[in-house]
Structures are given as structure tokens and as C-alpha cells.
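For our numbering, count along the sequence shown from 1 and bump the result up by 8. Beneath this line is the structure, given in C-alpha cells, with notes to follow.
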Amino acid sequence: METATKTMVTSSASLSEGGLRRKLKTRHLTMISLGGTIGTGLFLASGGAVHTAGPGGALVAYIAVGVMVYFLMTSLAEMAAYMPVSGSFSTYATKFVDPALGFALGWNYWYNWAITIAAELSAVTMIMKFWFPHSPSLLWSALCLVIMFLLNYLSVKGFGEAEYWFSLIKVVTVIVFLIVSFLMILGIMGGEAVGFKNFTIGDAPFHGGFMAMLGIFMAAGFSFQGTELLGVAAGETENPEHSIPRAIRSVFWRILLFYVLAILAIGLLIPYTDGKLANDDVTVSPFTLVFDKAGIAFAASVINAVILTAVLSAGNSGMYASTRMLWDLAREGKAPKFLAKLDKRGVPVNALIVTSSIGTLAFLASFFGDGVVYTWLLNASGMSGFIAWLGIAISHYRFRKAYIAQGKSLDDLPYKAKWFPFGPIFAFIVCTIVILGQNYPAFIGGKIDWYGVLVSYIGLPLFIIVWLGYKFVKKTKIVPLHECDFEQK
Numbered sequence: 009m010e011t012a013t014k015t016m017v018t019s020s021a022s023l024s025e026g027g028l029r030r031k032l033k034t035r036h037l038t039m040i041s042l043g044g045t046i047g048t049g050l051f052l053a054s055g056g057a058v059h060t061a062g063p064g065g066a067l068v069a070y071i072a073v074g075v076m077v078y079f080l081m082t083s084l085a086e087m088a089a090y091m092p093v094s095g096s097f098s099t100y101a102t103k104f105v106d107p108a109l110g111f112a113l114g115w116n117y118w119y120n121w122a123i124t125i126a127a128e129l130s131a132v133t134m135i136m137k138f139w140f141p142h143s144p145s146l147l148w149s150a151l152c153l154v155i156m157f158l159l160n161y162l163s164v165k166g167f168g169e170a171e172y173w174f175s176l177i178k179v180v181t182v183i184v185f186l187i188v189s190f191l192m193i194l195g196i197m198g199g200e201a202v203g204f205k206n207f208t209i210g211d212a213p214f215h216g217g218f219m220a221m222l223g224i225f226m227a228a229g230f231s232f233q234g235t236e237l238l239g240v241a242a243g244e245t246e247n248p249e250h251s252i253p254r255a256i257r258s259v260f261w262r263i264l265l266f267y268v269l270a271i272l273a274i275g276l277l278i279p280y281t282d283g284k285l286a287n288d289d290v291t292v293s294p295f296t297l298v299f300d301k302a303g304i305a306f307a308a309s310v311i312n313a314v315i316l317t318a319v320l321s322a323g324n325s326g327m328y329a330s331t332r333m334l335w336d337l338a339r340e341g342k343a344p345k346f347l348a349k350l351d352k353r354g355v356p357v358n359a360l361i362v363t364s365s366i367g368t369l370a371f372l373a374s375f376f377g378d379g380v381v382y383t384w385l386l387n388a389s390g391m392s393g394f395i396a397w398l399g400i401a402i403s404h405y406r407f408r409k410a411y412i413a414q415g416k417s418l419d420d421l422p423y424k425a426k427w428f429p430f431g432p433i434f435a436f437i438v439c440t441i442v443i444l445g446q447n448y449p450a451f452i453g454g455k456i457d458w459y460g461v462l463v464s465y466i467g468l469p470l471f472i473i474v475w476l477g478y479k480f481v482k483k484t485k486i487v488p489l490h491e492c493d494f495e496q497k
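If you want it as C-alpha cells, here you go:
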């Protein structure tokens, strides 16, 4: 009898809601979130941030956004540890705010990552041309798509394991970069000690004033996007009530340290006035420039290889997140029912095929009309991550209010977010500022740049149309606090 009971417990523990397999461990969860965040934003765009706002401006912007992301992640951890579902913030918004908001957030997030897959397919062709300049672009993008599809198709554990090793390569690269950088700053490597002289060159450390810093604020926000993947992966995680809080705590500090220390190192070693910092070419990546200065051979090739793993990692994570979100939407009746089908390994194959197809079509759009269609798709997805973050902040605020209103004890929560309600309110305000300030230069200078406004903000009206459209058709209302559903289905 005891053996039978143990078997039943093990079996139920290995299954998530709806038949997904709980195969992801804490180490997978940690690396999935790191993998979604450490990418081209750090390896390439960090140099542009220092060039635009100076070393001090870039540091302040990244620290401020990092603090906001910390509160967002603690909000997500509280809900995900209590209710681990693959629909994540779409499900939370449906249960604790309004089903129409949950519908819009789910489709918004699916679209965001589906288009990201297309962006990564484009990036792979540029990276491979570094080594094989005369090779056909379609060859590399097709190969990349097949690899990402197979990693997601085989099993969730296969996806988690691939993401673990992809992310480990990036983490090791950043650690080596930081060690080399600070040895150079102290004069132990690469000649004389640099010290802080580049921090006071020209009008450094704060170049361009507040508006330049605001621009970097948005770039920093894009760089941090991907941390919320933890919420999507919660539905397939072993012991989510323990794994999620542990992963979120470690991920935040690692990301913040990696970004802040890397930007500090770049600002100390390379003058912000150096025009190479503004270039997105891998041969002048700030990482390449620092390794070159240290006398490390083949620096550009090494960093290009690391960026390739970063792109594969981002595409791999994107395919996972969008597939699980589409599967959950179908399970809740918000997408065609055939997308809710799982194979015997617990993989939502139909949702995976549809997501891969959409990503491929978006990528092929880059070959038509000089890429105009693709550019619009990409711009529409640019705001999606911030909208998802807004959804997390709103959902957590309502989650906690409803939890208390229904007489539940906070001591029963597996993880409790600190400083409530400051955290979600602060995150809501910062996200709103970033969303509205996406392209503030379009409104400056006496004449409004309407094309620039449309290109930058198109994601916002699209989201509002989907939200209000569903609300009008289904006649949904804001869920009263006493009626919020805390059952995991």
C-alpha cells in the first residue's frame, strides 16, 4: 500500500496542469532566465549605451531598470510559486483582473516571442557571414530553425538542458571578460593601469543629460526582457514552490551584476567618445575591443561564436515561451482547440508547429519590399515585453488584494514578495514611463514625426484593440476580489 501511494505521488508530481511534464530543475530554470536576458543587449548594445549617455548615465539607467525588474520578478515569483501554470501572467490576469486582459496579454506575449524567433533567424545569417561571407542566407536561417524546433520537439528536459549549456557559455564569457577587464584597469594586464581617467573625460560621467539617460533607460529595459520566462517555465518545473523563489533570487543578482559590472568595465577601459562603441558590428563589440586591448588572439571570432550561442539561446527560449503560451490559450478556449493537444512526451506539438511557421513567415517577410513588412512586425513586437511586465504588476497587485480579501493567510504563501504594494506600483509607473517614452524625440523639435510615432507605438493600439475587442464580444467584467479564483486547473 505504501509503495502504491509513493508511486501515485511521484506520478502526480511529474505532471503539471493539463498533462505537461514537470522535468525542469532549479538549474534549468535559472539558466532559462539568464539565457533569455544575456544576449546581444550585453555583447553589442552595451557599448552604444556608454557612448550615448556616458559611463555614469549608462550605469544609472541600468541600475534603475534592474531595481524595477527585481520587483517585477518578486511579484511573478509570489504568484508562480503559489500557482505554477504555463499560461503564467495571461492566466493570472484572467483570474485576478479581467478575462479580456488575460486574453490580450496571452496573444501579445505569444506574438512577441514568435516575431523574436524571426529576428533571431535574421541575426544568425549576419553572424555566419562573418566567417562565410559568400554563403546563402537561407541556409543558415533554415539550419537554425531546425535546431530550435528539434530542441523544443524532443522533450522539455531536452530544451532545458540545451538552454543550460547555451547560457553557461555566455555566463563564462562574461565572467572572463570581467576578470580580464579589472586586471587591465589595475594595470596587471595590457600595460599601464587605466584607473578612472575615462570616467572624467569630456563631460563624463554623465553625457547628454537626463534625456540621453532616458533613452538608455529604454534600451536597458529591452536588455532585461526575458527574465519573465521563469513564469512561463513554472508549469513544467519540479517543486515550483521551492525552485521558483531560488531561481528568481539568484537570477536577478547575477543579471544585475553582469550588466552593471560589464558597463562599469567598458566605461573605465574605453572612452565614451570612441565612435566604435556606437557600432553594432561584432568586430567592434565592446567585448571584442577589450579582449583586443588585452592582447587576446582571435577576439572577434571568439565573441562572434558567443553571440551565435546567445542568438540560438534567445530563439530557443522564444520558441519555448510562445509555444507554451499558445498551448495555454487553447486550453482556456482562447485559441483553436487543436493547439491544446499534447503528444505522449507532454510536448504541445501543434502549438510548436504553428509558432515555428509564423516565425518563418515573418522571417521571409524580410526579403520582400526591402524588409518594410518585417520592420513593422518587429516594431510592433518591441513594446510587447513592456506590456507583459505591466500585466505582471497589475495582476500581482490584484492577486495579493484578493488573497487577503478572501481571508487567506500570507504565511501560507510559498514565497512572499517584499515591500508590497510598493513593488508592483513602482514597476507599473516605470513601465508606463518607458512605454510612453518609446520614441520621445518624435514629439520634440516643433514638428511631430508621425511616421516615427506610428512605427514606434503601433504595438500599443494593437494590444488595446485586442483587449477591448474581446471585452466587447465576450462582455467580460473586472473580477471582484471575493470572486477571484485561486484554484489551479
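Every residue gets a Cβ at the ideal spot worked out from N, C-alpha and C, and that includes glycine. Predicted model, so just to flag it, every value in this text is computed and none were measured.
Cβ neighbour criterion (16 or more within 10 Å) applied to W115: Counting C-beta atoms within 10 angstroms of its own C-beta, W115 has 16 or more neighbours from the protein chains shown and is therefore classed as buried.
L32 - partner residues in DSSP beta bridges: T245
Helix, strand or coil for R339, going by three-state DSSP, please let me know. Of the three classes helix, strand and coil, the one that applies to R339 here is helix, per DSSP.
If you drop the 5 nearest sequence neighbours on each side, which residues of the same chain put their C-beta closer than 7 angstroms to that of Y119? When the five nearest sequence neighbours on each side are left out, the beta carbons in the same chain lying within less than 7 angstroms of the beta carbon of Y119 are those of S389, S392, in order along the chain.
Residue range of the alpha helix (DSSP H) that Y172 falls in? 164–193
In chain order, which beta strand (DSSP E) runs of at least 3 residues are fully inside the stretch 297–381? none
Beta-carbon separation of I486 and V132 under 8 angstroms? no
Any heavy atom of the ligand ADP within a distance shorter than 7 angstroms of the CB on R257? With respect to the ligand ADP, the structure offers nothing, as it holds no ligand at all.
For I224, is the classification buried or exposed, using 16 other Cβ atoms within 10 angstroms of its Cβ as the cut-off for buried? buried
Roughly how many angstroms separate the alpha carbons of V17 and P248, rounded to a whole number? Only weak support is given to the placement of V17: the predicted model assigns it a pLDDT of 32, under 50, and the question is left unresolved by the model.
DSSP three-state assignment for E128, whether helix, strand or coil: helix
Assuming E169 contacts S325 (C-beta within less than 8 angstroms), just tell me the rounded distance between them. The C-beta separation of E169 from S325 comes to about 13 angstroms, leaving the pair out of contact by the 8 angstroms criterion.
Is the beta carbon of L277 sitting closer than 8 angstroms to the one on V202? yes
When you compare only the Cα positions, how much space is there between A413 and S96? 22 angstroms
Range of the contiguous alpha helix (DSSP H) that encloses E397: Going by the sequence as given, residue 397 is Trp instead of Glu. 392–413 is the span of the alpha helix (DSSP H), which, as asked, contains W397.
Would you say L421 and Y100 are within 8 angstroms of each other, going by their C-beta atoms? No. Outside cutoff.
Option nearest G65 by Cα separation, candidates S130, M219, I135, S145: When each option's Cα is compared against that of G65, the closest is M219.
Going by the beta-carbon positions, is the gap between H404 and S83 smaller than 8 angstroms? yes
Spatial distance of P488 from F494 (CA atoms): 13 angstroms
Using 8 angstroms as the cut-off, can you tell me whether the stretch 443–451 makes contact with the stretch 424–435, which would need three or more C-beta pairs spanning the two stretches below that distance? no
Cβ separation of I311 and F471, assumed to be a contact under 8 angstroms, to the nearest whole Å: 36 angstroms between Cβ atoms; not a contact.
Among residues of its own chain, excluding the 5 on either side of T13, which ones have a beta-carbon nearer than 8 angstroms to its beta-carbon? Low confidence applies here, because T13 scores a pLDDT of 36, under 50, leaving its location unreliable and the question unanswered by this model.
Spatial distance of A322 from A313 (CA atoms): 14 angstroms
Please name the residue, chosen from G217, S149, I441, K103, that lies closest to S374 on a Cα-to-Cα basis. S149
Are at least three pairs of beta-carbons, each pair with one atom in the stretch 337–353 and one in the stretch 59–73, less than 8 angstroms apart? no
Collapsed DSSP secondary structure at Y90 in the structure displayed: In the structure shown, Y90 falls within a helical segment according to DSSP collapsed to helix, strand and coil.
Out of curiosity, what's the CA-to-CA distance linking L360 and A396? Those two C-alpha atoms are separated by around 21 angstroms.
Other residues of its chain near T11: CB distance less than 6 angstroms, five sequence neighbours each side excluded: Low local confidence applies: a pLDDT of 40 at T11 is under 50, so the model's placement there is unreliable, and no value is given.
Report all residues from its chain with a CB closer than 7 angstroms to the CB of D300; omit the five preceding and five following residues, and keep chain order. A307
With a threshold of 6 angstroms on Cβ separation, who are the neighbours of G62 within its own chain once the five nearest residues in sequence on each side are excluded? A212, P213, F214, H215, Y280
Can you tell which of K165, F207, F79, I46 has its C-alpha closest to the C-alpha of V58? F207 is the residue among K165, F207, F79, I46 whose C-alpha sits nearest the C-alpha of V58.
Can you tell which of P294, S189, T60, W121 has the C-alpha that lies nearest to the C-alpha of G234? W121
DSSP on E200, reduced to helix/strand/coil? Taken through DSSP and simplified to helix, strand or coil, E200 comes out as coil.
Reduced DSSP secondary structure (H/G/I, E/B, other) of W475: When secondary structure is reduced to three states using DSSP, W475 falls in the helix class.
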